[in-house]
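Asks:
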Amino acid sequence: MRPTTIVLLLLGNVLQAQVGFDKAQLYSIARGEQHGHHGVRGSEREAPTRSYDMKYHRLELTVDPAVRAISGTVTHHFEATATLQDLVLDLSTELAVQQVTYHGGPVAVEAGDDLLTITLPQPLAPGQLDSVSIIYGGVPPETGFGSFVQSTHAEVPILWTLSEPYGARDWWPCKHDLGDKADSLDLIVRVPTGQRVAANGLLIAEQDQGDGTTVSHWRHRYPIAHYLVAFAVTNYAAYSDFAPLQDRTVEILNYVFPEGLNDATSSTPQCIAQMQLFSELFGEYPFADEKYGHAQFGWGGGMEHQTMSFMGNFSYELMAHELAHQWFGDRVTCGSWEDIWLNEGFATYLSGLCYEHLAPQYWLPFKRGRRDNVIGQPGGSVRCTDTTSVARLFDGRLTYAKGAFLVHMLRWVCGDSAFYAGCRNYLTDPELSYSSALTAQLQAHLEASSGLDLDGFMADWYVGEGFPTYQMEWAQDASGNVDVTLGQTSSHPSVAFFEMPVPIRFKNGDQDSTVVLDHAFSGQSFAFTLPFQADSALLDPEIWILSGQNIVTDLRAEGITSAGFALYPNPAKDVLYLDVAGARIGSISIIDRAGRSVLYGPVNALGGIEALPIADLAPGVYGVVVETPDRRVVLRFVKY
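Laid out in structure tokens, this is it:
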């Protein structure tokens, strides 16, 4: 299989010289995304509906980047999905609610266990639209990696929010529900004059109020998940790059620290070709009516806030990773934290696709580095088995690297055309687009585009733990006939065997040919003919399969020598000769791949050269077992 040919509107090689690859970059990204570390209630694992559908958020906030505090009014518009009298929101009990207004008057509220319950004067009927406004303020709680952070850069104050996965309630009253996106958002933030606010959507206004404050109004008119709502405030310098796409040009708005402006302006233009690539492969940038942007902040990694990723730096892979989330994570959001690989596995893989298409010298090192990270331990599932653990959710080895390999192997199994078609259909499915999805829904789209049943594959690679390691033996005769025996061991007992198409490249100095073996069981034998004499065989040289330290044994040699014994010719057709070099032999037998004896003969005298009749054996790989008084030696050969 070969990658889909991409025609870019901007020549990738213009920027390619600036691209660097660091195999440790992924681990930095994963560590940087371990944020919003707040305790999790059972209801969040069950994606509560709470009998209403969120429609619109209006956040009117006041903050000062020099002070760790927040105050303001949040207005929610919602629709009842069942008879509704108690409107339940998520809000840290460390933030004080001054008043909740409903139709211009105050209503009863109850706060506790990080929940805010608003009792409406009259129950709402299903389908009825309504709204409430919450006036609140205080000092957000310190929660692990930080969902509301006040810090400095170059001795200048900065403040930012970072809500994934459970931290949104630390700074604003919201609904923690991955299945309920608001249709739109207005974020209006008052800050000291001289400060700039970066946020979701388009900057509608930035007005000096004449009282030492400036109000910034950001408007976003796409559905958005609660944890993707964000803002950051400091003395940003701002500039724009522009990405020409097929039908329009998208602004990439950059808010960066003034002291890093030169470095940023030399790095962020690389995002242009990345956006063009993802738009060609997966459909146009999902928020093209507004913008994409970067806001620098003081964290080590990044966060894919919708239309405005927060960036700890502007490395090539980090920019690609956060941009990729605009498709996988923002346009279609994982419907449960158990399925977070739909966000992080795809974003990791798409950053690799930038290497494949735009800087191909780094494509193989990217895959090798991710593979070696995963196989460093024998177990671990892509499915997140403990959504209460932020460390497990953002596990660099499993959620990111193994998740990326799951995407990569789905591409290998389905084929490029079906894989990309299935992904595009998943992203544009009216039930999923600008909404949320589960793993089974991605699988259904890939099955529809490829015609495959992926249940077994997903059971092994998504639910199951570990990975296979292959043992391959091969030989070729003078007529070009090749015999291969392919064995497999699994690193973890949860998967007894990984059934996969396995590519083998046979080559010599002038020619090569790749044969894909449909590997259905360990010890399976294959026979085929090559139009040239191969001098070597490489198992999965392009790293399509997540596998361990594979062993390839070449049985082509005219003679095999082991422990002083020689076996020849190899491969053999009718007669095989064993030179026992004068050793005292107790017995000689031939065994098949399953270890069963197919030919046996005792020998009692000093040996010389034994002729072993093999004409009646079926073609395949066998072993000659030589027993002496003090040892047992097995020599492999191929019968053709």
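Residue numbers (our numbering): -15 to 624. Glycine residues also receive a C-beta, built at the ideal position from the N, C-alpha and C atoms.
1) Between which residues of its own chain and GLY336 is the CB-CB distance below 8 angstroms, once the five residues before and five after are set aside?
2) State the Cα-Cα distance for the pair SER627 and LYS39, rounded to the nearest angstrom.
3) Please name the residue, chosen from LEU596, ALA227 and GLN345, that lies closest to GLN254 on a Cα-to-Cα basis.
4) How long is the line joining the alpha carbons of ARG29 and ASP161, rounded to whole angstroms?
5) Apart from the five residues on each side of it in sequence, which residues of its chain come closer than 7 angstroms, Cβ to Cβ, to HIS87?
6) For SER531, I'd like the list of residues in its chain whose CB is within less than 7 angstroms of its CB, leaving aside the five on either flank, ordered along the chain.
7) In the DSSP assignment, what residue or residues form a beta bridge with GLN460?
8) Do LEU562 and ILE572 have their beta-carbon atoms positioned less than 8 angstroms apart in this structure?
9) Relative to the alpha-carbon of ARG203, which residue among VAL213, ASN184, GLY196 and ASP195 has its alpha-carbon at the smallest distance?
10) Please report the straight-line C-alpha distance between ASP154 and LEU426, rounded to a whole angstrom.
11) Going by Cα to Cα distance, which pick from ASN327, LEU430 and VAL140 is closest to TYR220?
12) Beta carbon of LEU342, beta carbon of ALA308: below 8 angstroms?
13) Take every Cβ of the segment 442 to 450, pair it with every Cβ of the segment 403 to 413, and state whether three or more of those distances are shorter than 8 angstroms.
14) Here's the rule I'm using: 16 or more other beta-carbon atoms within 10 Å means buried, otherwise exposed. How should ASN327 be labelled?
15) First and last residue of the alpha helix (DSSP H) that includes VAL397?
16) What does ASN219 pair with, by DSSP beta-bridge criteria?
17) Contact defined as beta carbons within less than 8 angstroms: I believe ILE598 pairs with ASP558. What is the distance between those atoms, to the nearest angstrom?
18) How would you call LEU113, buried or exposed, if buried means at least 16 neighbouring beta carbons within 10 angstroms?
19) Specify the secondary structure class of ARG25 as computed by DSSP and reduced to three states.
20) Measuring only the C-alpha atoms, how far is VAL479 from ASP444?
21) Which parts of the segment 20 to 99 are runs of the beta strand (DSSP E), unbroken and 3 residues or longer, counting only runs that do not cross its ends?
22) Suppose only complete runs of 3+ residues qualify. What are the beta strand (DSSP E) ranges in the segment 220 to 289, listed by chain order?
23) CB-CB under 6 angstroms to THR57, same chain, minus the five flanking residues each way: which ones, in chain order?
24) Can you pull the DSSP bridge partners for LEU523?
25) Helix or strand or just coil, what does DSSP make of ARG205?
26) Since GLU243 contacts LEU186 with CB under 8 angstroms, what's their CB separation in whole angstroms?
27) Using the rule of at least 16 other Cβ atoms within 10 Å of the residue's Cβ for burial, across every protein chain shown, is VAL51 buried or exposed?
28) State the beta-bridge partners of VAL140 as determined by DSSP.
29) Please report how far the alpha carbon of ALA166 lies from the alpha carbon of ASP323, in whole angstroms.
30) Could you give the DSSP three-state label for HIS476: helix, strand or coil?
31) Give the DSSP-derived three-state secondary structure of LYS557 in the structure shown.
32) Are the segment 464 to 480 and the segment 490 to 508 in contact at 8 angstroms, needing three or more beta carbon pairs?
33) Where does ALA343 fall in DSSP's three states?
34) Using 8 angstroms as the Cβ pair cut-off and three pairs as the minimum, do the segment 478 to 492 and the segment 563 to 570 touch?
35) In terms of residues, what are the limits of the beta strand (DSSP E) holding LEU596?
Replies: In this structure, then:
1) TRP347, PHE350, LYS351, ARG354, ALA388 and HIS392
2) With the chain represented from -15 up to 624, any question about residue 627 goes unanswered, as that position is not in the structure.
3) ALA227
4) Unreliable placement is indicated for ARG29, whose pLDDT of 39 sits below 50; no coordinate value is reported for it.
5) none
6) PHE451, PRO452, THR453, TYR454 and ASP524
7) VAL466
8) yes
9) ASN184
10) 32 angstroms
11) VAL140
12) no
13) no
14) buried
15) 387 to 398
16) The partner list for ASN219 (beta bridge, DSSP) is empty, contrary to what the question assumes.
17) 7 angstroms
18) exposed
19) Note that ARG25 scores a pLDDT of 45, beneath 50, so its modelled location is shaky and nothing firm can be said.
20) 6 angstroms
21) 36 to 48, 51 to 64, 68 to 74, 80 to 86 and 92 to 96
22) 221 to 228, 233 to 240 and 276 to 280
23) GLU44, SER117 and ILE119
24) ILE488
25) coil
26) In fact, because the Cβ distance is near 27 angstroms, the residues do not count as touching under 8 angstroms.
27) exposed
28) HIS137
29) 21 angstroms
30) coil
31) coil
32) yes
33) coil
34) no
35) 593 to 597
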